[in-house]
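Each residue of the sequence shown is one higher than the last, beginning at 1 in my numbering.
Note that the Cβ used here is the ideal one computed from N, Cα and C, for glycine as well.
One structure is given below, encoded as structure tokens.
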Amino acid sequence: MATTSGNSTITVSAKGTLDAHFNLLVDGKKIGEGTTDATAKDFVFKTDIVEGQGHKVQVQYDNDGIFHGTDRNLIVNEITINGKSVLPTDDHVTYDKGTLDGHDVADGQAGMWWNGTLVVDADKSYFPTSGVTPPTIPPVSEAPSTDPTPSTPAPTVPKPTDPGFYVATNGNDSWSGKLAAPNADGTDGPFASLQKAQAAMRADPNIDTTYIRGGDYHQNGMWLDGQDSGVTFTSYGSEKAVIHGGSNASVSFGLGGAKNVTIEGLTFADGVVGGHYVFADNASGLTFANNSVKGGGYGITVQNSADSKVIGNQFDSTGAEAIFVKAGSNSTVVSDNHITHPNAADRGDAGIWINGSSDVQVTHNLVEDSPEKAIAVGSVQTDGSDATHRVTIANNKVVDANLESNDGGGIYLINRQQDLTDHTVVNNEVTGTTATNPSGDVASWGIYLDDWTSGATVKGNIVHGNIGGVFLHGGWDNKVTENVIADNSGAQIGLQQPVAWSGWQGHQMSGNDISGNVVDVRDGTAVHIYGPANVGNIHNNFYSNLDASKDMFDVWPQVMSGGGKGDLAEWKAAGYDSGSVQLDPSFVNPGAHDFSLASDSAVYGLGFDHIPTHDIGLLG
Numbered sequence: 001m002a003t004t005s006g007n008s009t010i011t012v013s014a015k016g017t018l019d020a021h022f023n024l025l026v027d028g029k030k031i032g033e034g035t036t037d038a039t040a041k042d043f044v045f046k047t048d049i050v051e052g053q054g055h056k057v058q059v060q061y062d063n064d065g066i067f068h069g070t071d072r073n074l075i076v077n078e079i080t081i082n083g084k085s086v087l088p089t090d091d092h093v094t095y096d097k098g099t100l101d102g103h104d105v106a107d108g109q110a111g112m113w114w115n116g117t118l119v120v121d122a123d124k125s126y127f128p129t130s131g132v133t134p135p136t137i138p139p140v141s142e143a144p145s146t147d148p149t150p151s152t153p154a155p156t157v158p159k160p161t162d163p164g165f166y167v168a169t170n171g172n173d174s175w176s177g178k179l180a181a182p183n184a185d186g187t188d189g190p191f192a193s194l195q196k197a198q199a200a201m202r203a204d205p206n207i208d209t210t211y212i213r214g215g216d217y218h219q220n221g222m223w224l225d226g227q228d229s230g231v232t233f234t235s236y237g238s239e240k241a242v243i244h245g246g247s248n249a250s251v252s253f254g255l256g257g258a259k260n261v262t263i264e265g266l267t268f269a270d271g272v273v274g275g276h277y278v279f280a281d282n283a284s285g286l287t288f289a290n291n292s293v294k295g296g297g298y299g300i301t302v303q304n305s306a307d308s309k310v311i312g313n314q315f316d317s318t319g320a321e322a323i324f325v326k327a328g329s330n331s332t333v334v335s336d337n338h339i340t341h342p343n344a345a346d347r348g349d350a351g352i353w354i355n356g357s358s359d360v361q362v363t364h365n366l367v368e369d370s371p372e373k374a375i376a377v378g379s380v381q382t383d384g385s386d387a388t389h390r391v392t393i394a395n396n397k398v399v400d401a402n403l404e405s406n407d408g409g410g411i412y413l414i415n416r417q418q419d420l421t422d423h424t425v426v427n428n429e430v431t432g433t434t435a436t437n438p439s440g441d442v443a444s445w446g447i448y449l450d451d452w453t454s455g456a457t458v459k460g461n462i463v464h465g466n467i468g469g470v471f472l473h474g475g476w477d478n479k480v481t482e483n484v485i486a487d488n489s490g491a492q493i494g495l496q497q498p499v500a501w502s503g504w505q506g507h508q509m510s511g512n513d514i515s516g517n518v519v520d521v522r523d524g525t526a527v528h529i530y531g532p533a534n535v536g537n538i539h540n541n542f543y544s545n546l547d548a549s550k551d552m553f554d555v556w557p558q559v560m561s562g563g564g565k566g567d568l569a570e571w572k573a574a575g576y577d578s579g580s581v582q583l584d585p586s587f588v589n590p591g592a593h594d595f596s597l598a599s600d601s602a603v604y605g606l607g608f609d610h611i612p613t614h615d616i617g618l619l620g
């Protein structure tokens, strides 16, 4: 549908998979719609708009989905308003994901991977008053139709300015690869294969970048070694280049000995369930950024690859771990990744798994719908061969973990090396950690310090709506402070000395400090301890919604006057929670599962630090 007359002309240059559909709105009012195919086309709309003032021009994508294993997406290359070009990445363009409601708003981008609306905040210069002649646009009436009139536009993606080779689906490996598109007489143009571009970069010391144009690329994997250090494989502007795996390719990009390689802006699909889209070994300085990864096996695995960066990527239904940082990958940064339903084929360990690598930063990630753990860090060997120290887990959001397991956590730390880890878990939100059998005998916790995790700091986290809140299992010298632990159906806080994996072996559990936490017991119980009684020093906490008619605290051995369970008074009489008080912490909206604290919360005057809730989750 398109209007065929009016004082303003708006052209949307777009393409998409599986008949991606959009509506064009101005200030929230629909003026037309379009359905795309794989070839970019101009959709031309004419309508009457009040002149001499600004308006919001909105491209609303509304039929996102996955069909027969293919992801439907809409790509908006350009929006032209009365002859003035707007790119989706311009400063005055935003992406309002989901409902057009001003919530979950990110910077504008060409690839619309979710239902949502690109909003152009167009000032009055885009809508000149009558008498100012706009550029001539062929009248829509020349081709009457119930749909917008498509035409084949000139390329709208700016040509990269840096030297590079080009790969395109209409390329030829006998050409020079230095043109972004075939020339007029078909004698030169881009390469057809990534392997040819790799060889060309090896041969030319002045070019270390390959730009991959939009389209589908089926390859049997490629390997980069020391000759390929410093190279970049990246998308061509906003065009969507899809690297398909295949039955003969267990690895799409393999890096062995290649340093400082960048892989950016690509889409990976159809990989082997037991394989890896990217596998790096001895490949320090790898950057894997702004890519989209769907299905297959492992998303990206780095081992012996220090100083690597995995940032700004989308992972959807990877067969195994989405991000696996293995031994020897110290100082790696894992940030701003959106991971949905990892371990879809092999339940595995976690969406993000850090093992045998120290000084790693895991920040600002969103991990949703994990069969087991969402974020896991630590060592599983008792000989220290995969020792893991000083990992920072900060500002992440974990939603719905442990969906297919009865033993795990949203954020999970393990320390079978049995030493002080110096891990930091700070300012994360964890909710929805459950179990296959939630009503059974389970070990499922929002934040779970398992198997002798010691020397860790857990601070400023919001842990709510899980089975259990925060749990310490066999460790020592941990500090759990100034967290909001609320509305968990089991115990809000738990401590347990015996490690079932190896009985009572190991360091005695002691020196754990649990203080200054907001503990809300509208559901479940408050604190659970399974001996000995001195496994932790619990003091100066803030309790709310304690039911005086119920025993909210339990400890073994039975040190309370009533036996193994008791109320707060009996709990305090047994030597626990000195200095702790009951109060109303003033949650913002607990009915809507918002357990952030209001600015006037009483706990701030008692030393509780503000939790920067606005900084939790994806950077966008």
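DSSP three-state assignment for residue i, whether helix, strand or coil
i    : result
H614 : helix
R72  : strand
A200 : helix
N365 : coil
A456 : coil
G531 : coil
S578 : strand
D228 : helix
For residue j and residue i, the rounded distance between their alpha carbons
i    : j    : result
A143 : V44  : In this prediction, A143 scores a pLDDT of 31, lower than 50, which makes its location untrustworthy; the coordinate-derived value is nonetheless stated afterwards. Their Cα atoms are separated by approximately 11 Å.
V603 : G52  : 52 Å
G256 : S305 : 10 Å
V430 : K565 : 28 Å
R347 : H341 : 10 Å
D42  : S586 : 53 Å
Q381 : T421 : 14 Å
D386 : G237 : 40 Å
D225 : K240 : 26 Å
E368 : Q60  : 25 Å
L546 : M552 : 7 Å
I137 : T36  : Low local confidence applies: a pLDDT of 29 at I137 is under 50, so the model's placement there is unreliable, with the coordinate-based value given in what follows. If I take the Cα positions, the gap works out to 21 Å.
I75  : G34  : 13 Å
V362 : G32  : 44 Å
L286 : R416 : 29 Å
H473 : D451 : 6 Å
K30  : D91  : 24 Å
H423 : G410 : 16 Å
S176 : G189 : 6 Å
S357 : T388 : 5 Å
V140 : G6   : Only weak support is given to the placement of V140: the predicted model assigns it a pLDDT of 29, under 50, and the value that follows is read from those uncertain coordinates. About 11 Å.
Proximity of residue i and residue j at Cβ, strictly below 7 Å
i    : j    : result
F608 : E404 : no
N82  : S174 : no
A320 : N291 : no
G230 : N206 : no
A322 : G299 : yes
V293 : F268 : yes
N466 : N488 : yes
S578 : H539 : yes
N478 : N512 : yes
V272 : G297 : yes
A168 : R213 : yes
G245 : D270 : yes
Q508 : Y543 : no
K56  : D96  : no
A376 : A394 : no
Per DSSP, cross-strand counterpart(s) of residue i
i    : result
S544 : D520
W623 : Summary: the structure shown does not reach residue 623, with the chain confined to residues 1 through 620, and so no result is reported for it.
N415 : S379
M552 : Paired residues: none, contrary to the question.
N437 : N437 pairs with nothing; no bridge assigned.
K56  : D121
Residue from the options whose Cα sits closest to the Cα of residue i
i    : options                   : result
N220 : L194, T613, D91 and T453  : L194
K373 : K84, T388, H55 and T436   : T436
G524 : S510, S515, G490 and G494 : G490
T89  : E570, Q109, R72 and G562  : Q109
A258 : D228, G446 and N170       : D228
D419 : A199, K178, R390 and R72  : R390
K459 : S549, H610, N537 and A38  : H610
V499 : P532, G164 and S358       : P532
F22  : T39, I49 and D64          : D64
G494 : G455, H464, D554 and T453 : D554
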